[in-house]
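**Q** I'd like to ask you about the structure that follows.
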Amino acid sequence: MSWFIEALKKYAVFSGRARRKEYWMFALFAGIIYVVFAILGAVSKQSWLVAIPYLAFLLPGLAVTARRLHDTGRSGWWILFGLVPLVGGITLFVFSVLDGEPGDNKYGPNPKLAPAHV
Numbered sequence: 166m167s168w169f170i171e172a173l174k175k176y177a178v179f180s181g182r183a184r185r186k187e188y189w190m191f192a193l194f195a196g197i198i199y200v201v202f203a204i205l206g207a208v209s210k211q212s213w214l215v216a217i218p219y220l221a222f223l224l225p226g227l228a229v230t231a232r233r234l235h236d237t238g239r240s241g242w243w244i245l246f247g248l249v250p251l252v253g254g255i256t257l258f259v260f261s262v263l264d265g266e267p268g269d270n271k272y273g274p275n276p277k278l279a280p281a282h283v
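If you use the numbering used here, the sequence shown corresponds to residues 166 to 283, in order.
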C-alpha cells in the first residue's frame, strides 16, 4: 500500500523514474478500488460512481506511467502510443514489464539504487 500512496504523492511528477514495483502496485490498488466502486455503483444503481476513482487516478496514473517509461529509457510521450488500437496497449504493457536501464540514464538515477522503500 505504501507504493500506492507514494505514487499518489507524486501525482503530477512526470520527471524521474519509477520502478516496476511502484508502477504495478499503483495499478493493483487502483484496480481494486475501481472494482469496489463498480460493485457499489451496481448495487446502488448509481453507475456514475465508477467515474470517481477514474477521475481521481487519471493524473497520477499518467505520471507513474511516464516515470515507468523513463526507467526503461523511453520518453513519456510513448503514452500516446497507447491510443493505437490493440498494438498500442500491448506495446505499453511490454514496456512496463521490462527491467529498467541499469545505472543512471537521461531521466535520472536508477531508482533501484535509492535507499530502501519501507
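By construction, the Cβ of each residue, glycine as well, lies at the ideal position given by its N, Cα and C atoms.
Once you ignore the five residues that flank leucine 173 on each side, which residues in its own chain have a CB closer than 7 angstroms to its CB?
**A** As a first step, residue 173 must be located in the sequence shown, where it is residue number 8. Excluding positions up to five away in sequence, the list reads Pro225.
**Q** Would you mind reading off the limits of the alpha helix (DSSP H) that contains lysine 174?
**A** On the sequence shown, position 9 is the one that residue 174 refers to. That run of the alpha helix (DSSP H) goes 167-174.
**Q** With 16 other CB atoms within 10 Å as the buried threshold, where does methionine 166 fall?
**A** Here residue 166 refers to the residue found at position 1 of the sequence shown. So methionine 166 counts as exposed.
**Q** If distances are taken between C-alpha atoms only, which option among Leu193, Pro276 and Pro218 comes closest to leucine 205?
**A** The residue given as residue 205 occupies position 40 in the sequence shown. Ranking the options by Cα distance to leucine 205, first place goes to Pro218.
**Q** Count the C-beta pairs between the stretch 242-260 and the stretch 190-204 that are closer than 8 angstroms, then say yes if the count reaches three, no if not.
**A** Not touching, per the Cβ criterion.
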